[in-house]
Amino acid sequence: MKKILAVDDSASMRQMVGFTLKNAGYDVTEAKDGQEALDVARDAEFDVIISDVNMPNMDGIELVRNLRTLPQFKFTPILMLTTESGTNKKGEGKAAGATGWIVKPFNPEQLLTVIKKVAR
Amino acid sequence: MSIDLSQFYEVFIDESFEGLETMESELLNLSPGDVDSEIINNIFRAAHSIKGGSGTFGFNAIANFTHVIETLLDEIRNGERELAANHVDLMLKSIDCLRNMLRSIQNNDEQESQEANTLRVQFEAILEQKNTTDDSNTSNSDAVATQPESNGVASKQTKIQITNFFEIKFNPESHVFKTGNEPLFIFEDLAEHGELSVEANIKGIPELDNLVADDCYLGWTINLDTTSDEETVKSVFEWVEDDAEIEIKLVAQFEDEIEVESELDEIEASKHEPSLTESSTSVDLASATPATTPESLPTDNSKQNDSATSDPVKAEFRPVQKASTDNKKEPTKQESSSIRVGTDKVDSLINMVGELVITQAMLNELGEDEQIDHAKLLALREGLAQLAHNTRDLQENVMRIRMLPISFVFSRFPRLVRDISQKLDKKVDLVLKGEGTELDKTVMEKISDPMVHLIRNSLDHGLETTPERLAAGKSEAGKVILNAYHQGGNIIIEIIDDGRGLNTEKIRSKAIENGLITEESVLSNQEINELIFKPGFSTADEVSDISGRGVGMDVVKRNINALNGTVEVVSEPNKGSTFTIRLPLTLAILDGQLVKVGNHIYIIPLVSIVESLQIDMSKVNSVGGGMDVLRLRDDYIPILRMHQLFNHPEACQKLQGGLLVVVESDNEKVGLLVDELLAQQQFVIKSLEENYKKVDGISGATILGSGSVSLIIDISSVVKMAGLKRAGHVGLDFDKPLSEAV
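Heads up: the protein sequence lines correspond to chains A and B, in order.
Residue 114 in full-length UniProt numbering is what sits at position 114 of the first sequence, and the numbering runs on without skipping anything.
Residue 149 in full-length UniProt numbering is what sits at position 149 of the second sequence, and the numbering runs on without skipping anything.
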């Protein structure tokens, strides 16, 4: 079973993402901000990481930068959840080492399509 | 797979309300001109989450509205715009408006909000101002970018199908793997669009000694025959376009005429597509002219959303006042049914249940033994003690789940004070203290309204106008302090102002006028001040918009009493007033003293017990009306015979040597005559009204360890039953006869 780490400070988004992915047969771990995600990830492995950009404590960009320094996440697909207004955030995310992005708002089907794209 | 999104609505609504609260309190922390970027960030993040969630869960009215707020915040955050006072006002209004929109979703009658439209126009006006002076704002210019010309062939009976032959050179930079991208996946995606052949270019591979395993040295040449256009092909490379050289060349193109039947629907659908606000994964139609506008694709979504938000607002433009009357339609359901609990609290619960299971296993093992010797008996007792300990811990922790910091209530007051002080034209500094003090959620929800009333009162009647303050030698700005702290099993909330204090003369004359007291009544200042809590008392000479809403202090007092709490006032002329609310931490559990009266066991709330003593007959005096009083130090304590009140003829009737529990209620002490004092313990309160009916003198019931039901005594009601209190009279009714008797 593919393991996914989903990071978002909004509980409803986290639930939606978590539920959708679990329903589709993924093993999902949730974290509420970058710091928590990093703490969880340090001693774990994931096949895909999905993270929001705007979060308290540690934002998504910083999280990607930190994850890429961990050996087990060197090549792991990391997707950012961005909004249409955040075009410069996409660039920042890419520069930090993000694999790609999912544009908000998205529906569960779109989420699964993108996940399938990176977790095969 | 379809997922019902409605299951996430409640969480979304809860967190949006929290987000709005954050926005509100942070906005109130802002002062125009001196902008703390961290505060702006917090506000932005909250707005951003609300927008993201509402878009995802299909609440487009909220998404569109928050979009303009977010845009403004983003500009302020990026230093492109100065924060102005009117921005703050507008955002505060928007927060109110969003709250109403969320509530209407809660009540399942989501509808167009006139107010939101009005406010949105104001935001757009602000955002426009910038655009005319500064054209560097790109988000709007995106909106006028290329429009898909997909329906050019709609009227024709046949359609031209175009097959494109692309040659793609794909040379990723060496670090491409470290972005988590996989060229193989890209090829697989391309293969979905048509016939694909891929050729690797291995020239770049270095000698083995120099080869870095993590790097990519390969390049590829890809040939693709597809009916998709260049933009679609390019979109496959979207995630790597900054990390690779990508060259897409249209080598050849064929046009075929094909049957139209099935195609027409698709074209019809495409005509409607731009009007949808929900962004769908772009339905790419083979366009007649393969446009080479590579940048336009990634912004496709923004285009749709922007055009949706900038939709001209309908002509029903109502003045703001009108819109605010719509607001008044407050929903009936105010108390939220769900609760959000910190994980640490849940963790400690789980931990405790674990302990409980261990204890249970231990007891179980002991119980299986046929014989119990002395050693086993000791072990059994130890196990039971452990069980008692665990149960108590568990109970306390479950209670803690319902506890929330009082900041949940306090946080709404800065806004209230700001609004009222603006209306009254008074300068007010609000100080919040002890915001972390925890309180039961139910109590919290019910204490909010009385507090609002008290604060309004302090601002309206307590604090003087600025000229008056200056004349009295006080600082220009009045001060209102909200303070919360724990004291024993209670939470104390104080509302302190440094205003003019209560006017005892005025209160007195008003009370005489209303027949609450007579001209001859001799009352201390404190007693006069307490009169403001009497029914039918209002000092405001004229009913003002702020405090005179027909709700008097008596209602405040009644509401607080209903929570087993009390409210008191202490006031000093020209120094100010302090209102003190005292509340039990929770409504569900009570520390009580078991007492025996005849064959029955009653419970007296421990908080109201002052002391228990054996009656010394030499200190008992009889006063009028068959009432006995006990002289206790400097007080005279009326003795209430519990067996009389609750009709237990079998109980001990004599005072001599009897036990007296001295209790206090509403600042009055009375003694309850009981037969026996039993244990003290915690009780879970069960409602008598729900299970039977309301009984005078009894506040509820509980079930004892023996399984029998025991009634909990309501002290203030018992005092009333005994006829000691008379409406409108401060102090106990026998005061006069007593002073004559002694």
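The beta-carbon is built from N, C-alpha and C at its ideal position, and this holds for glycine as well.
Sequence-distant Cβ neighbours of residue 243 (chain B) in its own chain, meaning closer than 8 Å and more than five residues away, are 172, 173, 175, 176, 179, 181. Here the alpha carbons of residue 8 (chain B) and residue 665 (chain B) stand approximately 47 Å from one another. Counting the other CB atoms within 10 Å of its CB gives residue 392 (chain B) a total below 16, which places it among the exposed residues. Ranked by how close their Cα comes to the Cα of residue 192 (chain B), the residues B:579, B:225, B:56, B:669 have B:225 in first place. Residue B:195 holds the alpha-carbon nearest to the alpha-carbon of residue 164 (chain B) among B:185, B:188, B:195. Counting C-beta pairs with one atom in each stretch, the segment 199 to 210 of chain B and the segment 18 to 26 of chain B have fewer than three that are closer than 8 Å, which means they do not touch. Distance from the CA atom of residue 421 (chain B) to the CA atom of residue 511 (chain B), rounded to whole angstroms, is 29 Å.
Boundaries of the beta strand (DSSP E) around residue 485 (chain B): 478 to 487. Taken atom to atom, the span from the alpha-carbon of residue 109 (chain B) to that of residue 234 (chain B) is near 43 Å.
DSSP, reduced to helix, strand and coil, places residue 371 (chain B) outside both helices and strands of the structure shown, so it counts as coil. In this structure, DSSP gives residue 561 (chain B) a helical state, which the three-state scheme calls helix. Contact fails between the segment 462 to 475 of chain B and the segment 599 to 617 of chain B, because fewer than three Cβ pairs, one in each stretch, are under 8 Å apart. By the 16-neighbour rule on beta-carbons within 10 angstroms, residue 30 (chain B) is buried.
Within chain A, no C-beta atom comes nearer than 9 Å to that of residue 234 (chain B); the closest sits roughly 14 Å away. Distance from the CA atom of residue 32 (chain A) to the CA atom of residue 9 (chain A), rounded to whole angstroms, is 5 Å.
Note: residue 717 (chain B) is not bridge-paired with any residue in the DSSP secondary-structure output. Relative to residue 537 (chain B), the option among B:508, B:694, B:375, B:79 whose CA is nearest is B:508.
Around the CB of residue 6 (chain B), fewer than 16 other CB atoms lie within 10 Å, so the residue is classed as exposed.
For a Cβ distance threshold of 8 Å, residue set 180 of chain B lies close to residue 78 (chain A), ordered along the chain. At a cut-off of 8 Å, the C-beta of residue 94 (chain A) has a neighbouring C-beta in chain B.
For the pair residue 186 (chain B) and residue 437 (chain B), the Cα-to-Cα distance works out to about 56 Å. At a Cβ-Cβ threshold of 8 Å, residue 498 (chain B) and residue 576 (chain B) count as neighbours. For the C-beta of residue 106 (chain A), the chain B residues within less than 7 Å are, from N- to C-terminus, 56.
Using a Cβ distance threshold of 8 Å, residue 630 (chain B) and residue 659 (chain B) do not count as a contacting pair. Think of a sphere of 7 Å around the beta carbon of residue 18 (chain A): no beta carbon from chain B falls inside it, the nearest being about 10 Å out.
Chain-order list of chain B residues neighbouring residue 68 (chain A): 178, by C-beta distance under 8 Å.
By the beta-carbon neighbour count (other beta carbons within 10 angstroms, threshold 16), residue 118 (chain B) is buried.
Setting aside the 5 residues that flank it on each side, residue 220 (chain B) is surrounded in the same chain by 170, 198, 200, each with a C-beta closer than 6 Å to its C-beta; the list follows chain order. The Cβ-Cβ distance between residue 514 (chain B) and residue 496 (chain B) does not fall below 8 Å.
Residue pairing from DSSP places residue 602 (chain B) in a beta bridge opposite B:595, B:711. Residue 645 (chain B) sits in a helix when the DSSP states are folded into three classes.
Closest by C-alpha distance to residue 161 (chain B), out of B:227, B:461, B:571, is B:227. Interface residue (Cβ-Cβ distance to chain B less than 8 Å): residue 71 (chain A) is not classified as such. Leaving aside the five residues that flank residue 364 (chain B) on each side, none in its chain has a CB nearer than 7 Å to its CB. By the criterion of a C-beta distance shorter than 7 Å, residue 403 (chain B) is surrounded in its chain by 438, 439, 440, once the five residues flanking it on both sides are discounted.
One finds 9, 54, 55, 56 in chain A with Cβ atoms closer than 8 Å to the Cβ of residue 45 (chain B), taken in chain order.
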